[in-house]
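Residue numbering for the sequence shown follows the working numbering, beginning at 674 and increasing consecutively.
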Amino acid sequence: MGKTELFPDDRSYAFLDLETTGLNPDTDEIIEIGVIIAKKGKIKKRYNTFIKPAGKLPFKIIKLTGITDQMLEDAPRISDIRHDLLGIIGKLPVAGHNVAFDISFLEKKLGHQFTNPLLDTMDLVQFLIPGAESYRLQTVRNILGIDSATSHRALEDAEAACRVFFGCIDILGGLNREILFQINTLLKNRDWSFAQVVTGSILKILSGFPAGKSEPLFAFMSTERPEEVSLFSGEEITPEENNVYTISDLAVLLGQDGIFAQKNPHYRFRQGQVDMLKTVTDGFKNSKHMIIEAGTGTGKTLAYLLPSVVWAVSECEKVVVATHTINLQEQLWNRDLPDIRKITGIDFKACLVKGRSNYLCLRRWEERINETGLMEKDEIILLLKILVWLTKTLTGDKSEINIMPAQKRFWNELVSEQDTCLGPLCRRFNNGCFVSQARRRAEAADLLIVNHSLLMADIKTENRLLPQYEYLIIDEAHHLEDTATEQMGDTIDFNSLKSVLRSLNRGFARGGRPGLLSLVKQVFRNLREKTGQSTDEVSNTIEEAADKVSGVIEGLEEIEEFLVEWATDKSEEVDESHCLTVRIREAFRSDRAWEVLDTLKANFVLRSEVLIKSLKKLNNLIESTDREDQKAFGFLAKDIGIHLKFLSHTNELFRSFYEGAENTVHWIEIYTSPKPSLNIRSAPVSVSRLLTDLLFERKRSVLLTSATMSVGNDFEHFTERVGLSGFQEERVIKGSIPSPFLYERQSLLCVIRDLPDPGEAEECHYTEEIAPVITDVVKIFDGRVLVLFNSHRMLRDIYERIRPVLESSGITLLGHKIDGGRSRLAEEFRLNNKAVLLGARSFWEGVDLPGDMLKCVIIVRLPFVPPNTPVMEARIEEISGAKRDAFYSYSLPEAVIKFKQGFGRLIRTEEDEGIVLVLDRRIVDRKYGRKFLHSLPVKTHFKGDSSTVLQKMSDWINGERQEGMYLNILGNSKDIEKYLKNRPGK
């Protein structure tokens, strides 16, 4: 079971787990109890019983646990087992995975207040297994190699928690001596069971530690040059294997008899992939920009990575590849680039580059872990987690560590930031600075992988974040405009601003964790004791600054109070994110209320500038000390400079907000949940000119690629939005690479025409009409259906309407933000072959469900973006002001691109088959509907009333695929030829 000699005491522990009908002790019920009594890793007693609930079990609980109503028919009531259960547990420490949940249910249902010590195995695994993908019991069991026949049954999970508990003690026993000392220092004198068990175990471990030389404390200390850690560790290229190719050789490598076909059994020759590779090669050689739409299955990543690698190596030119999603970034990093290296034998260096906030700042972490002030439990767990993680990580990248939601605010205080970085002055600069290591890796690399946000941040800062480069590939380029808009904007977060200001005064004159002014005062006091010199001027300056901080916060709160009241008066509509949004229109700036804001803004800026003056004076006093004495201030002098810069920038943002700015939209966001907060935000109305000037004019060659950029084979909308429309035609290569999939054989597009027009009908009426249709479709496929929505409100309405019917048929219903987030629901859908998934806008792309996982996609409404968001509204006004039709010039093309993404969820491989059903009749009834149809890879559709379409779908899925389809509008002769060649029956 475990190394029982490491366990600190001889007590028995009660390991508890419950199965319940839900998560709320007030309204849900216990249906099974499991208790394991264990001592030093050995199980002494097992207790297990069902509990009879008052009502029927929810369908999802039956699916989750396997417990049925029949199994509970003769079970005792909770009151019947009260005496036995309390007798078994007694005064023993109670342990379990998220044990507070189980105890809360027992206290409510038993009417008994537990005073037993509680020990949560979740706390243990969090800091001892810092890189776990999740801390769910099943995941932790798998990591520790703990076998179990079932999960989500009380006794089995109680035993699993017991084994996890003692497994964690084993892990603790394997840690470095110095790490154990640090853990003990952080946890000693903490009055909670977790701390007492860990420190007791550590003392026992250390008492038996062998003498001798200890190992390096952290992983990066054991590697001479951690910045040189290769992507391809363990696969060194020898001189004989190091193949050299010219850019002209590459098409042969992807040929039917090429090296990829020879060495990769899964490789399939695709002419479109070769064509795209040739285009990329031509673009690099002739310094051209490229727009290439590559259909699903083209193999576009290899088509651009291979020439990028060869070009970078042969021409000594860095190539940057930017992606929008983590999934694609991981595909490039973990699969595509290693495959190129292994198959071609090309010796190249690749580097995954992230923004500095992705990296731990070791200096900030060390300062925090050595502080002796009060800390919350979540912060202590995080500090311990990082301590153990540092024994493994070479990069300090947060993607390697699982940061829980409650720990994020503490993590944000430990990450590297431009404003708090000491650079070469930091003692960790050459020994443990993860950002410096990352930069050196990036400088040495041939190929850089970044995300869109970092790319845009680099462009915004005039190329101060990435090494110099001239060649760029932007995949998932349909997101470029939105990411640029986000990154080129600014935000005044009132809660964050107040937190920064309070950090100046924190602990000043009242104890607690010291803030900046307290620390500076302490250093001067120490110097005075050392030199005997007077520090009256310093003390007065610090007192003055502390007083001014309070005034600045007061001024900020006055603005906040005014804006919340003003914005609430302008709009009471709170969106699905609990956010009230009010755009600042020019008319508002002539409003009498704006004069009040002017006074408040001027008051805040004045107070802020007085504080700035005090901080500058304090900085001058530090600089006036001897050079040797200045070292005592360490990072404090720079920290004062950071606050000066921050306050000056905030003042500029307030001025811009009040006065307005060209090509800029401002708005206010008031969040009512989870905690009240106010943001002032701004963004460019159009990023086209910015991208032209800052990106395309400055790079030799940029490739923009995606599966969804064109509207009806036309790139005009896309080029206009991203800033390429002004270039001469010969400077920009445009092209479409069709998908190799046979959509006419693999898919069916259906449209129902007898449902209400969603553009005219009330939403409640529309959902009432479509709910039974969705239910009938799901029954045809027995699950395996993805339903795509534009709004969470409609999704929730449909969820409640169809759930009883589906659950009575044994089909699991999964709702986005009802049953979990995107990643969790997608994984649950993959594992459950009788499920239907209702997804909002993030499910329209980036979710791959190949093969039998997905058989039908239902598109509830054409995906027009709501026109009332501040940025959308401003863009529509700008277009209309130029005497153009904003619907046809902007709203419609954006919706078509999103529609193509939703359609693309269905067919992901050559073996996939399925149906896309559109419930929005406007696609065939309105003139603009042909734009949607013409943009799809399938060239026919079937339309009719609900019963006719459902019958057609049933026949098609059962193999009856006769013709009788309506032909989409075909754009050119090639479309017609392809349709005739691949139509059903051929």
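The C-beta atom is built at its ideal place from N, Cα and C for all residues, glycine as well.
In this text, all values refer to a predicted model and were calculated from it rather than measured experimentally.
Leaving aside the five residues before and after residue i along the sequence, list all residues of the same chain whose C-beta is less than 6 Å from its C-beta, in chain order.
i        : result
Gly-907  : Bear in mind that the predicted position of Gly-907 carries a pLDDT of just 42, short of 50, making it too unreliable to give a figure here.
Leu-1422 : Val-1589, Val-1611, His-1614
Glu-832  : Ile-709
Lys-1194 : Ile-1215
Phe-1306 : Val-1196, Ile-1295
Glu-1233 : Phe-1167, Leu-1351
Gly-628  : This structure cannot speak to residue 628, because the chain is shown only from 674 to 1659.
Phe-1330 : His-1339, Ile-1353
Leu-745  : Phe-723, Lys-725
Where does residue i sit, in a helix, a strand or coil, going by DSSP?
i        : result
Asp-1051 : helix
Val-1530 : strand
Asp-1012 : helix
His-770  : coil
Cys-1024 : strand
Ile-1406 : strand
His-756  : helix
Ala-687  : strand
Ile-1257 : strand
Thr-1440 : helix
Leu-1138 : coil
Cys-841  : helix
Asp-1598 : helix
Arg-1354 : strand
Ile-920  : coil
Tyr-1331 : helix
Ile-1580 : coil
His-1614 : strand
Tyr-1032 : strand
Leu-1461 : strand
Tyr-1344 : strand
Thr-693  : strand
Asn-1007 : helix
Tyr-720  : strand
Is it buried or exposed for residue i, if we count other Cβ within 10 angstroms and need 16 for buried?
i        : result
His-1251 : exposed
Leu-1139 : buried
Leu-1190 : buried
Glu-1296 : exposed
Cys-841  : buried
Thr-788  : exposed
Ala-1356 : buried
Val-1269 : exposed
Lys-729  : exposed
Lys-1556 : exposed
With residue i and residue j assumed to form a contact (beta carbons below 8 Å), what rounded beta-carbon distance in angstroms separates them?
i        : j        : result
Leu-1535 : Gly-1587 : Contact doesn't hold; Cβ gap of about 20 Å is too wide.
Val-1380 : Gly-1577 : Strictly speaking, residue 1380 in this sequence is Ala, with Val absent from that position. Going by Cβ atoms, the distance from Ala-1380 to Gly-1577 rounds to 6 Å, so yes, they are a contact pair.
Arg-1457 : Asn-1506 : 7 Å
Val-1360 : Met-1161 : 6 Å
Ser-1126 : Thr-1164 : So it is not a contact: roughly 14 Å between Cβ atoms.
Going along the chain, which residues of its own chain have a beta-carbon closer than 8 Å to the beta-carbon of residue i, five neighbours each way excluded?
i        : result
Gly-804  : Trp-1062, Lys-1065, Glu-1073, Ile-1074, Asn-1075
Ser-1321 : Ile-1285
Ala-827  : Asp-690, Leu-691, Glu-692, Glu-705, Ile-706, Gly-707, Asn-721
Gly-1333 : Ile-1257, Glu-1259, Arg-1262, His-1339
Leu-1432 : In the sequence on display, residue 1432 carries Gly and not Leu. Arg-1595, listed in sequence order.
Leu-1005 : Thr-974, Leu-978, Val-994, Thr-996, Ile-1122
Phe-1454 : Lys-1528, Cys-1529, Ile-1630
Once the 5 residues before and after residue i are set aside, which same chain residues still bring their CB inside 7 Å of it?
i        : result
Glu-913  : Interpretation of Glu-913 is limited by its pLDDT of 44, a score under 50 that renders its predicted location unreliable; the figure taken from the coordinates is listed afterwards. Excluding positions up to five away in sequence, the list is empty.
Ile-735  : Thr-741
Val-1478 : Thr-1448
Problem - At least three beta-carbon pairs within less than 8 Å, the segment 1037-1054 to the segment 989-1009 - result: no
Handout entry: Sufficient close CB pairs (3 or more, under 8 Å) joining the segment 832-847 to the segment 761-770
Key = yes
Problem - the segment 949-963 touching the segment 919-927, judged by at least three CB pairs closer than 8 Å - result: yes
Problem - Three-pair Cβ contact test at 8 Å for the segment 1392-1412 versus the segment 1428-1445 - result: As far as the Cβ criterion goes, the segment 1392-1412 does not touch the segment 1428-1445, which means the pair count is below three.
Exercise for the section: Pair every Cβ in the segment 1516-1524 with every Cβ in the segment 1488-1508, then say whether three or more of these pairs are closer than 8 Å. Expected result: yes
Problem - Inter-stretch contact at 8 Å, needing at least 3 Cβ pairs: the segment 1365-1381 / the segment 1548-1562 - result: No, the segment 1365-1381 does not touch the segment 1548-1562.
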